[in-house]
Amino acid sequence: MSDSHPPYGGPSDPNAGQPWGQPPGQPVSGQPWGPPPGQPISGQPDPFAYGQPGYQQQPGYPQQQPGYPPPQFATPVQPAKKSRGLMIGLGVGAATVALLALCGVGVGLIVASGDDDPEPPPVATTSAPGGTDPSTAPSTEQTPDDGPNNNNAVTARYSSDFESVCEGSPILNAKDYSTPSGSKAYTFYNSVDRPDNWMLRSAGYGKSYYAKSDEFESVSVVGCLKYQEGSEGAGKKCQLKDSSDKIITIDYVSSRYTLTFYAAKTAQKIGDGGTINAPAVRCPSFVTYNKSTMKAYASPDTGAIESALDKFLG
Numbered sequence: 001m002s003d004s005h006p007p008y009g010g011p012s013d014p015n016a017g018q019p020w021g022q023p024p025g026q027p028v029s030g031q032p033w034g035p036p037p038g039q040p041i042s043g044q045p046d047p048f049a050y051g052q053p054g055y056q057q058q059p060g061y062p063q064q065q066p067g068y069p070p071p072q073f074a075t076p077v078q079p080a081k082k083s084r085g086l087m088i089g090l091g092v093g094a095a096t097v098a099l100l101a102l103c104g105v106g107v108g109l110i111v112a113s114g115d116d117d118p119e120p121p122p123v124a125t126t127s128a129p130g131g132t133d134p135s136t137a138p139s140t141e142q143t144p145d146d147g148p149n150n151n152n153a154v155t156a157r158y159s160s161d162f163e164s165v166c167e168g169s170p171i172l173n174a175k176d177y178s179t180p181s182g183s184k185a186y187t188f189y190n191s192v193d194r195p196d197n198w199m200l201r202s203a204g205y206g207k208s209y210y211a212k213s214d215e216f217e218s219v220s221v222v223g224c225l226k227y228q229e230g231s232e233g234a235g236k237k238c239q240l241k242d243s244s245d246k247i248i249t250i251d252y253v254s255s256r257y258t259l260t261f262y263a264a265k266t267a268q269k270i271g272d273g274g275t276i277n278a279p280a281v282r283c284p285s286f287v288t289y290n291k292s293t294m295k296a297y298a299s300p301d302t303g304a305i306e307s308a309l310d311k312f313l314g
């Protein structure tokens, strides 16, 4: 080592000729051994080197006394590295241990091996009461009932839409049926010439089961009057004016119908109303007729329908 003199004629180096290192028990002073602060070792930053940003001397530790071993310190455990960085990390750690050992500081290192990052600890889950695994326990969740399982179910917009019940189609927005008493009802009858064509036949005005045309969402019962094949009876000749004011003669024919009650919400049968006559004792003031046969069929008797409704719903 060459001699060096302080600038400006200052005193010579007081440590010149002194043994290398500091006296026992004295804190390390001056710059630490190794590369300048902030310079990496082997191309990687050294997290354990004195002088790195963030390193602080821990206060409160006793001074080393002569004859006693130096104080021991542990470094923070570093996360396990991928295998591709293991050799570099071991090189950095070895250099750091050697450097700190020269300063009389004990270093504890934990080296983790493996190709992958450590798996997180298993998460404990709480089983259902009785020790049943919730992932295998049968579900008790109730499936909401969105309506009858029928592709032909319809949503009524008018009272006339309830005729679909007579063809087996439920009404989705009809009122649920529970008991006959207190239920409101509509009644329909079909045409002799067109059996799938149903017409509303109101009966029981003022009764508890009577529903106006705009009260269809309160209706839970539908009475269907189906024409009995072969029930055609003797009628009478009636003279009427057609749409062109021409006088025509038609045969006004009597018949019979079978009344059946259904729940509007499900289209399921809930009762029988018996046989309802369609008398042709008087010529009507207005009637529809068949131009090819010149026949018109009488409508079911309103009084008989009301009597059947009173018996079933009253």
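Take the sequence shown: its position 221, counting from 1, is numbered 221 in UniProt numbering, and each next residue is one higher.
Even glycine gets a Cβ: it sits at the ideal position worked out from N, Cα and C.
Being a predicted model, the structure only gives us computed values, none of them experimental.
According to DSSP, which residues form a beta bridge with residue i?
i	result
residue 224	188 and 260
residue 238	250
residue 233	254
residue 289	Bridge partners of residue 289: none, in fact.
Between residue i and residue j, which are expected to be in contact by the criterion C-beta below 8 Å, what is the C-beta distance as a whole number of angstroms?
i	j	result
residue 252	residue 236	5 Å
residue 167	residue 196	7 Å
residue 154	residue 185	Residue 154 to residue 185, Cβ: 18 Å. No contact.
residue 265	residue 177	6 Å
residue 187	residue 201	5 Å
residue 225	residue 287	That pair is no contact at about 17 Å.
residue 227	residue 181	No, residue 227 and residue 181 are not in contact; Cβ-Cβ is about 29 Å, not under 8 Å.
residue 276	residue 259	5 Å
residue 189	residue 284	No, residue 189 and residue 284 are not in contact; Cβ-Cβ is about 15 Å, not under 8 Å.
residue 169	residue 150	7 Å
residue 280	residue 250	Between residue 250 and residue 280 the Cβ distance is about 11 Å, and since that is not below 8 Å, they are no contact.
I need the boundaries of the beta strand (DSSP E) containing residue i, first residue and last residue.
i	result
residue 275	269-278
residue 199	198-200
residue 156	Note, residue 156: premise wrong, no beta strand (DSSP E); not H, not E.
residue 205	Counting along the chain, residue 205 falls outside any beta strand (DSSP E), and DSSP gives it neither H nor E.
residue 296	295-297
With residue i as the anchor, note down where its alpha helix (DSSP H) starts and where it stops.
i	result
residue 308	302-313
Helix, strand or coil for residue i? Go by DSSP, reduced to three states.
i	result
residue 219	strand
residue 179	coil
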